[in-house]
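Residue numbers (our numbering): 644 to 1061.
First up is the structure itself, then whatever we jot down about it.
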Amino acid sequence: MSSLSHLGSRQHGVQRSWQQYRETCEVLPWGTGTGSKRPSAAPADDQPAQIERARGSRVWDTDGNEYIDFRLSCGPITLGYCHPEVDRAAKEQIDRGVVTSLPVDLERRVAKLMVELVPCADMVRFFKGGGEAMYATTRVARHFTHRDRVVTCGYHGWGLNMDDTQPAALRALHVNIPYGGTDAYAEYLKAHGNETACVCISGDYAAMRPGDPFLADVRELTQRSGVLLVVDEIVTGFRVRRGGIHEFFGVIPDLAAFAKGIANGYPLAAVTGRRDIMAQWPSISITYGGEAVSLAAAEVVLSTYRDQDVIGRLWQLGERLQAGVNEVAARQGIPFRMVGLPVCPQMIFTPSESAGDSTRPPSTRRDPGTYQTELFRGLYRRGLIPYPVMYESIAHTDDEIDYAVNAFSESLQEAYQT
Ligand SMILES: Cc1ncc(COP(=O)(O)O)c(C=O)c1O
């Protein structure tokens, strides 16, 4: 196990990484392609701005400081960074060709693994990004149902974000309804059910609870109107369960999209679903559909999920962190809590905090004032990379979780004093 004693010493400062980040911003809007990775300006003294390397549960910033990472590249790293067998398979595939002119057999093998492991998967199509896969599900649903309207719930990637960069005519066909009660869904489908192609649901990290009837209720409503149910398993797939929240809540959707958990960080996403729908696949095609390095990685990742209780270990680690942090917060009389499922718990800073705009990615969704900034400053200083939804990989150890609980305890005290 990697040592814990040197974490948080921050002997190298973080100036170099910020200097590099500022230079990056000169040539790259936001300084990164991933909104959730943008370092916020406020805690510049404490937060590293760029990562140089990663291994297991740890990352090193460009100044050389080491951290236990609970952001995990916004979710995809479930087996730990640089997993030896996954990376070996990817490297071997590089020597055989990254993309080729005819399909590779890996596409079939990885699709078969998905079919074996995911309850709603009769057939599979691969993509590179999660948002791209979700966008494809809406096109597939429109093609199958001959209907135009789409209901979304939560964030599904930039293609389905109906902000003012989308034409008004397209926006008029979309509505985003929050996770939770089904009244608004029932009302919308009563008015527009026969024009609606699909309802797309992603889980709300703060709201999800075991036994929650929401997904089953939406399933029933959609079935009544001949509307397809699409579950966005981009974060929850291969984290909550192998089949994500649809497996967890025992609901079979018509289509589902997966991404983050399926290839331990290699860029791969998948649309899965009912054979009769998937078999009528419309004209949706990408050059990198059979990109073989990510598929080689995915074959090892999915086999690992099949052969080992990865999900069970993620739950154990998550429960240890969530229970530990909530206990130290309660003991100090601080209202902070980590709520929702232990494998993707959401930070809540004040009891009255609302879910905010659920169409934005989790890191930018809530505005809990200075508490989050102050808490994160303390956690960075103590050698953690935090995230509003805290993730573990099976490379994390119990000792690292206990170290993190202690770091939370001290940092919460500081954050709620200021
Ligand atoms: C629930 C959910 N759906 C879709 C996406 C979009 O995936 P990607 O960023 O790979 O396009 C994300 C990204 O964080 C997500 O959290």
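Built from N, CA and C at the ideal position, the CB exists for glycine as well.
Through-space distance from residue j to residue i, alpha-carbon basis
| i | j | result |
| --- | --- | --- |
| residue 706 | residue 683 | 18 Å |
| residue 958 | residue 993 | 25 Å |
| residue 764 | residue 839 | 23 Å |
| residue 735 | residue 825 | 49 Å |
| residue 934 | residue 834 | 43 Å |
| residue 988 | residue 967 | 13 Å |
| residue 663 | residue 1047 | 28 Å |
| residue 969 | residue 1056 | 13 Å |
| residue 850 | residue 786 | 32 Å |
| residue 810 | residue 816 | 10 Å |
| residue 774 | residue 954 | 24 Å |
| residue 704 | residue 711 | 11 Å |
| residue 789 | residue 832 | 16 Å |
| residue 1060 | residue 770 | 47 Å |
| residue 931 | residue 904 | 19 Å |
| residue 865 | residue 715 | 34 Å |
| residue 782 | residue 677 | 24 Å |
| residue 780 | residue 1058 | 42 Å |
| residue 859 | residue 829 | 13 Å |
| residue 741 | residue 1017 | 44 Å |
| residue 649 | residue 916 | 48 Å |
| residue 907 | residue 938 | 11 Å |
Residue i Cβ short of 7 Å to ligand 1 heavy atom set
| i | result |
| --- | --- |
| residue 878 | yes |
| residue 987 | no |
| residue 845 | yes |
| residue 798 | yes |
| residue 841 | no |
| residue 773 | yes |
| residue 754 | no |
| residue 875 | yes |
| residue 668 | no |
| residue 757 | no |
| residue 777 | yes |
| residue 811 | no |
| residue 906 | no |
| residue 725 | no |
| residue 941 | no |
| residue 784 | no |
| residue 850 | no |
| residue 697 | no |
| residue 902 | yes |
| residue 717 | yes |
8 Å contact criterion, which residue i and residue j should meet: CB distance rounded
| i | j | result |
| --- | --- | --- |
| residue 990 | residue 925 | With a Cβ gap of about 40 Å, residue 990 and residue 925 do not count as contacting. |
| residue 792 | residue 805 | Not confirmed; about 12 Å, so no contact. |
| residue 1034 | residue 718 | 6 Å |
| residue 945 | residue 760 | 6 Å |
| residue 843 | residue 799 | 6 Å |
| residue 899 | residue 874 | 4 Å |
| residue 754 | residue 767 | 4 Å |
| residue 762 | residue 890 | 5 Å |
| residue 749 | residue 942 | 6 Å |
| residue 699 | residue 1038 | 4 Å |
| residue 909 | residue 733 | 6 Å |
| residue 877 | residue 981 | That belief does not hold up - the Cβ atoms of residue 877 and residue 981 are roughly 21 Å apart, past 8 Å. |
For residue i, the three-state DSSP class (helix, strand or coil)
| i | result |
| --- | --- |
| residue 839 | strand |
| residue 880 | strand |
| residue 796 | strand |
| residue 817 | strand |
| residue 849 | coil |
| residue 911 | coil |
| residue 916 | strand |
| residue 989 | strand |
| residue 871 | strand |
| residue 738 | coil |
| residue 899 | strand |
| residue 695 | strand |
| residue 958 | helix |
| residue 1037 | coil |
| residue 752 | helix |
| residue 1028 | strand |
| residue 703 | strand |
| residue 921 | helix |
| residue 892 | coil |
| residue 768 | strand |
| residue 712 | strand |
| residue 822 | coil |
| residue 785 | helix |
| residue 805 | coil |
| residue 1044 | helix |
| residue 982 | strand |
| residue 844 | strand |
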